[in-house]
Amino acid sequence: MPPSDFAKASIPDVLAKLTTEEAILLTAGVGFWHTHALERLGVPAIKVSDGPNGLRGNHFFRGTPAKCLPSSTALGATFDPELIHEVGKKLLAEEAKLRAASLILAPTCNIQRNPLGGRSFESFSEDPFLSGHIAAAYINGVQSGGIGATIKHFVGNDKENDRNGYDSIISPRALREIYLMPFMLAQKHAQPWAYMTAYNRVNGIHVSEDNFLLKKVLREEWKYDGLIMSDWHVLFYSVSDSLNAGLDLEMPGTNKWRTINLVSRSIDARKVTTRTVKERARRVLEAVKKCAAGAPEILDGDGIEHTVDTQESKDLLRSVAAQSIVLLKNEGSILPIRLPKTESKKAKVAVIGPNAKAIVLSGGGSAALKASFFVSPFEGISRALKEEGKKDGLEVEVTYSEGSRAYKTMPSLDYDIFTPSGERGWIASWHAHLNDESMVAKEEVYEEMLLDETRVFVSIDKPKGITERWTVKLRGQLKPREKDCLFEFGLTVAGRAKLFVDGKLIIDNWTRQVRGEDFFGCASIEEKGTFEAKAGVKHDILVEFCNVRSPADGDEDEMLMDSNPGVRLGGAPVEDPDELMATAVQLAKEADIVIAVVGLNSDWETEGYDRTTLALPGRTDELVSKLAEANPKTVVVTQSGSAITMPWAESVAGHIHAWYLGNASGDAIADVLLGRHNPSAKLSLTFPKNENDVPSYGHFHSEDGKIRYSEDLYVPSIADSEFSLTVSLNVTNTGNVTGSEVIQVYIAAPTTSELTHPLLQLKGFAKAKNLAPGESRKVDIVLDKYAVSYWSELYDTWTVEQGVWGIKVGTASDKLVLEDSFKIEKGFEWNGL
């Protein structure tokens, strides 16, 4: 019978037939991305795939080209649950089907208690209310398309450094009102098919083993009856504790704890019962049944991953990206850009900055994917400017300068290395070793393939049957330079590698290494080397890579990289920084308008490690300041997934924040700059003037394994039968173009309250969409008991106090133009959802 027939299965009947060994098998994955199949009982395997800003599919290595959505912080900035629901259903669910995946490992719903957190870009907001409602819309959209959503990382995974062991020490009230609240709202309004536990501990216990969080809160209070899975390789700690706490599924299925041998020994030792193991297996079976019913074509299909881009999906990607962009400054109405009317019928626009031509799609780590297409800011802006010029009979010249270097590791050479026959990429020849323990590679080629990327993250995708230790040789030719130059390479490796150019050793990252952060913390630091590139010459490139790590000072372990081997080659011509800056400034002086495109990228914001500063990299701030001084008509486009400092903010005429926008980045940015889309997004998290303005400043980092959430409730954040209040107002478009506006409702607790509360908290929002010039529309925002509740640590319950509550309404936390109050005559307490 087809695998999808499991949708009709009786789970009690299947459970009754399960042997103990089969139940154990169901509680852990197989390989990196699948659950366990039981052919005897007709139980199919289901495949999961990473999100949250797109479906990468099974492979980091030679990945299937995919749609890349804006970062989660960008989606949060839309303040538009209706839009996010559409994204979930039309983009994410359909991409999952193309990847043969029944369950998306998304959304991420942690809190940005500090924007330095490496994965801040993956979560929607620092505000728990906004996070929860956007997450619910995301989940409902995905699941309405027949695909399961996995909300993560439950809970307190708000930074990356030391994430496997740090202890998030959070007060009961802050835990309930801030960190659990997004998950609670998502559970109330969306019921995700799966939860993923965080790596870290909360108040002394690893979440994957925490009876309080998994059983008391999630199962008993919130009545959650779905699947609870681990994050990848989370179970560092024990076998029985996570089973007893309610963790149903260990992922992945490599290097796992839940083997038949170890779990059976735990049963024999009475550390866990067979009944408990079968209860965990039951949840897995129920999840498989949901997936079989939701999208049967996946389980009945061939499992092959596909890429399909339609005009409809491209338009939606572009629209969502444009609706994510935040207008931060528009002095003298410089935006939308209007080309000057000159007698010469010519206009000159300078597009300057390290991000203008760079491939900046999203943050890094498990959110990264191989984009099916990409429009750079320079490409999108240049095309749009010339189109607008043509309408007005203008000839538009677009000039460019990088201005300053801003990369952390040397730029990708994906479009700079070619095979001798002219194909983009290089040839990878794999060589088995004499045996699994030998470091000697055989001469004969085991397998050969073309690779079109120079970040080669093999992960677990080595050629089938090759020895445990293996070597791959990567050969290509550097794209000829227009002129002689000194060219610098950077070589990063999880394993060991050497770089040869024209047969000469340029970089030795093989003999001895310094440990680094890339490839999920398994890599060496980037080693650099230079050579003299000759104009018009196709220099031969060879990287020799082995999947065994070399010794390093203080770490002599020559470890076999069995799950995270990889090598990355980057490079760029060496430039004099002062000359680069001077060229950019001169172009700015000569231009009618300057557009500076600056920011971060996936090297700076990524899973695996945290940022060390909120400042833009290198001499970026200096560049923007000098451009503004050279030309008063300077507009800045910033790209980052989280907050950055902007010391030049007062000196520029215009400024939009574009987050990471995915495939359609350049077109969406151009749509806003040229007025094709009227920006209505709002910042989804606070951008402080200085790092020490962040409430968690001084206690964000792990100290002896402990992170004290000393800011407590004061992370920057500003219809039920028991309480319901409708806020009504009229919104009028007083501008000259059609646009949308976000309305935000903030609540202030009674001054008579027994506890201290934040002065204002976001408790409701809505979006008035597509109002024509002069049009007015009534907007209603309904508040429920969540808007007026706090967690009582004294009575271990949600509490609503009687008294006079304040209410403020506006378009942003600093633009609250309406104010009123309401009275709750009688307080009450509640639990659950």
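Take any residue in the sequence shown, note its place counting from 1, add 917, and you have its number in the numbering used here.
Just so you know, even glycine gets a beta-carbon here, dropped at the ideal spot from N, CA and C.
Quick caveat, the model's predicted, so the values are computed rather than measured.
Along the chain, where does the beta strand (DSSP E) containing D1457 start, and where does it finish? The count along the sequence shown starts at 1 and reaches residue 1457 at position 540. Element bounds for D1457: D1457 to C1463.
Using CA coordinates, which residue listed in D1333, V1268 and S1241 is at the minimum distance from E1399? Residue numbering aside, residue 1399 sits at position 482 when the sequence shown is read from its first letter. The candidate whose alpha carbon is nearest that of E1399 is D1333.
Go ahead and label I1298 buried or exposed: buried means 16 or more other beta carbons lie within 10 angstroms of its beta carbon, across all protein chains shown. On the sequence shown, residue 1298 is found 381 positions in, with the first residue counted as 1. By the 10 Å Cβ count, I1298 comes out buried.
Grab me the residues of P1380's own chain with a C-beta within less than 7 Å of its C-beta, minus the 5 sequence neighbours each way, in chain order. For the purposes of this step, residue 1380 is identified with residue 463 of the sequence shown, where counting begins at 1. Non-local C-beta neighbours of P1380 in its own chain, meaning closer than 7 Å and more than five positions away in sequence, comprise W1347, Y1363 and E1364, ordered along the chain.
Compute the Euclidean distance between the alpha carbons of V965 and L958, then round it to the nearest angstrom. As a position in the sequence shown, residue 965 is number 48, starting the count at 1. As a position in the sequence shown, residue 958 is number 41, starting the count at 1. One C-alpha to the other measures close to 21 Å.
T1603 versus T990: straight-line alpha-carbon distance, rounded: Here residue 1603 is taken as the residue at index 686 of the sequence shown, counted from 1. Here residue 990 is taken as the residue at index 73 of the sequence shown, counted from 1. Distance from the CA of T1603 to the CA of T990, rounded to the nearest whole angstrom, comes to 11 Å.
Residue interval of the beta strand (DSSP E) (run including V965): Locating residue 965 in the sequence shown gives position 48, where the first residue counts as 1. Element bounds for V965: V965 to D967.
According to DSSP, is H976 part of a helix, a strand, or is it coil? Numbered from 1 along the sequence shown, position 59 holds the residue referred to as residue 976. The answer is coil: DSSP assigns H976 none of H, G, I, E or B.
Alpha helix (DSSP H) runs wholly inside the stretch 1128-1198, at least 4 long, in chain order: You should have 1157-1162 and 1177-1185.
From N1136 to T1114, what does the alpha carbon distance come to, in whole angstroms? If you number the sequence shown from 1, residue 1136 lands on position 219. If you number the sequence shown from 1, residue 1114 lands on position 197. Note that residue 1136 is Arg in the sequence shown here, rather than Asn. Distance from the CA atom of R1136 to the CA atom of T1114, rounded to whole angstroms, is 14 Å.
Do V1156 and S1125 have their beta-carbon atoms positioned less than 9 Å apart in this structure? In the sequence shown, residue 1125 corresponds to position 208, counting from 1. In the sequence shown, residue 1156 corresponds to position 239, counting from 1. No, the pair does not count as a contact, with Cβ atoms beyond the cut-off.
Whole angstroms are fine: how far does the CA of I1698 sit from the CA of A1636? Position 719 of the sequence shown holds residue 1636. Position 781 of the sequence shown holds residue 1698. Unreliable placement is indicated for A1636, whose pLDDT of 36 sits below 50; no coordinate value is reported for it.
Would you check if the distance between the CB atom of F1462 and the CB atom of V1569 is smaller than 9 Å? On the sequence shown, residue 1462 is found 545 positions in, with the first residue counted as 1. On the sequence shown, residue 1569 is found 652 positions in, with the first residue counted as 1. Contact annotation: F1462 and V1569 have beta-carbon atoms that are not nearer than 9 Å.
Extract the residue ranges of the alpha helix (DSSP H) inside the stretch 1445-1520, only unbroken runs of 4 or more that lie entirely within it. Taking only runs of at least 4 residues, the alpha helix (DSSP H) segments lying wholly in the stretch 1445-1520 are 1494-1507.
Rounded to a whole number of angstroms, what is the C-alpha to C-alpha distance between L1578 and V1072? If you number the sequence shown from 1, residue 1578 lands on position 661. If you number the sequence shown from 1, residue 1072 lands on position 155. The straight-line gap from Cα to Cα measures roughly 27 Å.
Would you kindly work out how many angstroms separate the C-alpha atoms of L1647 and A1581, rounded to a whole number? As a first step, residue 1647 must be located in the sequence shown, where it is residue number 730. As a first step, residue 1581 must be located in the sequence shown, where it is residue number 664. Before going further, note that residue 1647 is Asn rather than Leu in the sequence given. Near 34 Å, if we compare the C-alpha coordinates of A1581 and N1647.
K1258 to Y1324, Cα distance in whole Å? Here residue 1258 corresponds to residue number 341 of the sequence shown, with the count starting at 1. Here residue 1324 corresponds to residue number 407 of the sequence shown, with the count starting at 1. K1258 and Y1324 have their alpha carbons spaced roughly 38 Å apart.
Can you tell me whether V1225 is buried or exposed, with buried defined as 16 or more other CB within 10 angstroms of its CB? Numbered from 1 along the sequence shown, position 308 holds the residue referred to as residue 1225. Counting the other CB atoms within 10 Å of its CB gives V1225 a total below 16, which places it among the exposed residues.
Closest residue to P1294 among L1672, F1682, A1587 and I1664 (Cα-Cα distance): Residue 1294 sits at position 377 when you count from the first residue of the sequence shown. Looking at the Cα atoms, A1587 is the closest of the given residues.
Using DSSP's beta-bridge definition, name the partner residues of R1398. Mapped onto the sequence shown, residue 1398 falls at position 481. Beta-bridge pairing links R1398 to A1452.
Buried/exposed call for F1682, threshold 16 Cβ in 10 Å: Walking along the sequence shown from the start, residue 1682 turns up at place 765. Burial call: buried.
How big is the Cα-Cα spacing for S1542 and I1561? For the purposes of this step, residue 1542 is taken as residue 625 along the sequence shown, with counting starting at 1. For the purposes of this step, residue 1561 is taken as residue 644 along the sequence shown, with counting starting at 1. Taking the CA atoms as reference points, S1542 sits about 16 Å from I1561.
By the 10 Å Cβ neighbour count, where 16 or more other Cβ atoms means buried, how is L1544 classified, buried or exposed? On the sequence shown, position 627 is the one that residue 1544 refers to. By the neighbour-count rule (16 or more Cβ atoms within 10 Å), L1544 is buried.
Consult DSSP for I941 and reduce its assignment to one of helix, strand or coil. On the sequence shown, position 24 is the one that residue 941 refers to. I941 falls in the helix class under three-state DSSP.
Alpha carbon to alpha carbon, how far is V1292 from E1354? Give it in angstroms, no decimals. Along the sequence shown, one-based indexing puts residue 1354 at 437. Along the sequence shown, one-based indexing puts residue 1292 at 375. Per the coordinates, the alpha-carbon of E1354 lies some 46 Å from the alpha-carbon of V1292.
Within its chain, find whatever has a CB closer than 7 Å to the CB of S1601; leave out the 5 residues flanking it on each side and keep chain order. Sequence index remark: in the sequence shown, residue 1601 carries index 684 (1-based). Result list for S1601: T990, G993, A994, F1041, S1042 and L1047, in chain order.
Residues bridged to K1006 (per DSSP): Counted from its first residue, the sequence shown places residue 1006 at position 89. According to DSSP, K1006 bridges with nothing at all.
Cβ-based neighbour list, P1253, same chain, cut-off 6 Å, excluding 5 preceding and 5 following: Taking the first residue of the sequence shown as 1, we reach residue 1253 at position 336. L1591 and G1592, listed in sequence order.
Tell whether a beta-carbon distance below 9 Å holds between A1566 and L1245. Stepping through the sequence shown from its first residue, residue 1566 is reached at position 649. Stepping through the sequence shown from its first residue, residue 1245 is reached at position 328. Going by C-beta atoms, A1566 is nearer than 9 Å to L1245.
For N1647, which three-state DSSP category applies? Stepping through the sequence shown from its first residue, residue 1647 is reached at position 730. DSSP places N1647 within a strand segment (E or B) once states are collapsed to three.
Inter-residue Cα distance where the pair is I1624 and R1528: As a working mapping, residue 1624 is identified with position 707 in the sequence shown. As a working mapping, residue 1528 is identified with position 611 in the sequence shown. Just so you know, the alpha carbons of I1624 and R1528 end up roughly 16 Å apart.
Range of the contiguous alpha helix (DSSP H) that encloses K1771: The structure shown does not extend to residue 1771, since the chain is modelled only from 918 to 1750, so the question has no answer here.
Under 9 Å, do V947 and A1010 count as touching if we go by C-beta distance? Sequence index remark: in the sequence shown, residue 947 carries index 30 (1-based). Sequence index remark: in the sequence shown, residue 1010 carries index 93 (1-based). Not closer than 9 Å, so no.
Alpha-carbon spacing of P1099 relative to G1727, whole angstroms: As a position in the sequence shown, residue 1099 is number 182, starting the count at 1. As a position in the sequence shown, residue 1727 is number 810, starting the count at 1. In a straight line, the C-alpha of P1099 is about 23 Å away from that of G1727.
Just to confirm my understanding: we take V1205, look at its own chain, exclude 5 residues before and 5 after, and list those with CB closer than 7 Å. What are they? The count along the sequence shown starts at 1 and reaches residue 1205 at position 288. Result list for V1205: F923, T952, V960, P961 and I963, in chain order.
For Y1055, the first and last residue of its enclosing alpha helix (DSSP H): Locating residue 1055 in the sequence shown gives position 138, where the first residue counts as 1. Counting along the chain, the alpha helix (DSSP H) containing Y1055 begins and ends at P1045 to S1061.
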